[in-house]
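Structure first, commentary second.
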Amino acid sequence: MHTSALIRSGALALVLATCSVLAFAQATTTYEPEVGQAGKDVVWVPTPQALVDKMLDMAKVTPKDYLIDLGSGDGRTVITAAKRGVRAMGIEYNPDMVELSIANAAKEGVAARASFVKADLFETDFSQASVITMFLLPGINLKLRPKILGLKPGTRIVSNTFTMGEWKADETTELSPDQGCQASWCTALLWIVPARVAGTWKVPQGELALKQEFQMLTGTLRTEGRALPIKGKVRGDEISLTAGGREYRGRVNGKRLELR
Numbered sequence: 000m001h002t003s004a005l006i007r008s009g010a011l012a013l014v015l016a017t018c019s020v021l022a023f024a025q026a027t028t029t030y031e032p033e034v035g036q037a038g039k040d041v042v043w044v045p046t047p048q049a050l051v052d053k054m055l056d057m058a059k060v061t062p063k064d065y066l067i068d069l070g071s072g073d074g075r076t077v078i079t080a081a082k083r084g085v086r087a088m089g090i091e092y093n094p095d096m097v098e099l100s101i102a103n104a105a106k107e108g109v110a111a112r113a114s115f116v117k118a119d120l121f122e123t124d125f126s127q128a129s130v131i132t133m134f135l136l137p138g139i140n141l142k143l144r145p146k147i148l149g150l151k152p153g154t155r156i157v158s159n160t161f162t163m164g165e166w167k168a169d170e171t172t173e174l175s176p177d178q179g180c181q182a183s184w185c186t187a188l189l190w191i192v193p194a195r196v197a198g199t200w201k202v203p204q205g206e207l208a209l210k211q212e213f214q215m216l217t218g219t220l221r222t223e224g225r226a227l228p229i230k231g232k233v234r235g236d237e238i239s240l241t242a243g244g245r246e247y248r249g250r251v252n253g254k255r256l257e258l259r
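Following numbering that gives the first Met the number 0, the numbering of the sequence shown begins with 0 at its first residue and continues without gaps.
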């Protein structure tokens with residue numbers, strides 16, 4: 000072989016070896032997200048782990064639940080839920096975040112219960128969830144609100160910090176530094192999707208006419224020839240109200256309202 004041919008052969012081998020090293024380095028480099036990096040709908044800011052734990056506590060998650068995290072980022076909420084025995088899925092638009100979350104779930108030993116998909120929040124069906132978690136902006140929450148209100152009554156919704164507009168939270172908790180939340184984003188808000196109960200119902204006490212604004216109820220109870228104004232609340236399919244100084248509790252059962 001001529002000297003020039005040997006040189007070319009050696010140079011080619013060096014190039015191929017260099018490419019192999021670079022490819023291996025790229026394959027083994029872990030993607031590291033940066034706080035504040037831009038996303039499709041929001042920038043990425045991780046929820047403090049102490050608040051993740053509190054959000055799951057407020058939702059009273061159990062292994063019977065199916066949790067969906069909207070905008071799942073690095074997967075910490077889904078992974079934390081999976082460690083509690085919950086089947087959980089994260090919806091995330093950034094494919095690098097999805098791959099990172101999958102790797103994190105495998106590293107934590109919960110890949111069988113924690114799944115992640117690249118998807119748009121507004122085009123995804125999450126109607127099978129019994130718990131929804133999220134850390135989105137108020138405007139995004141409002142856009143999602145009609146879809147959330149259409150979920151099965153009793154579905155628990157937990158948000159980091161941001162509200163649902165006029166739909167007031169059923170419960171709000173703010174963590175202190177002593178409780179493990181050292182930075183911002185230390186408020187958890189819980190909503191219970193209410194059943195739709197507006198209308199007129201025949202109940203053992205008489206006729207109940209209800210007006211509904213999210214979980215809050217007003218109206219009248221016609222009983223014993225009187226029309227008593229009522230105030231109340233619906234939590235999932237359970238109703239509590241007061242009328243004429245008395246307290247009543249009941250449950251929506253299909254097309255019936257059972258009041259006692």
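We put the CB at the ideal spot given by N, CA and C, even for glycine.
query	result
P152 to C180, Cα distance in whole Å?	31 Å
From E165 to L209, what distance separates their C-alpha atoms?	19 Å
Measure from the alpha carbon of G70 to the alpha carbon of each residue in E223, F213, I131, then state which is nearest.	I131
By the three-class DSSP mapping on this structure, what secondary structure does S175 have?	coil
Looking at the strands, I want to know which residues DSSP matches up with P228.	T219
Please report how far the alpha carbon of K82 lies from the alpha carbon of G218, in whole angstroms.	45 Å
Nearest to V109 by CA position, among I229, K63, A80, is which residue?	A80
Apart from the five residues just before and just after R86, which ones in its own chain have a Cβ nearer than 6 Å to its Cβ?	Y65, R112
So, are the CB atoms of I262 and R155 less than 8 Å apart?	What the structure shows of the chain is the stretch from 0 to 259, and residue 262 is not part of that stretch, so it cannot be assessed.
Determine whether the beta carbon atoms of I90 and V51 lie at a separation below 8 Å.	no
Among all the DSSP beta bridges, which residues are the ones paired with R245?	A242
When DSSP labels each residue in this structure, what does S100 get in the three-state scheme?	helix
Which parts of the segment 74-125 are runs of the beta strand (DSSP E), unbroken and 3 residues or longer, counting only runs that do not cross its ends?	86-91, 113-117
Name the residue from L148, S175, E173, D177 whose alpha carbon lies nearest to the alpha carbon of M163.	L148
Please list the terminal residues of the continuous beta strand (DSSP E) segment that includes D68.	65-69
Can you tell me whether Q214 is buried or exposed? The criterion is at least 16 other CB atoms within 10 Å of its CB, across all chains shown.	buried
Can you tell me where the beta strand (DSSP E) with A182 in it begins and where it stops?	No beta strand (DSSP E) contains A182, which DSSP labels as neither H nor E.
Cα separation between D119 and G72?	13 Å
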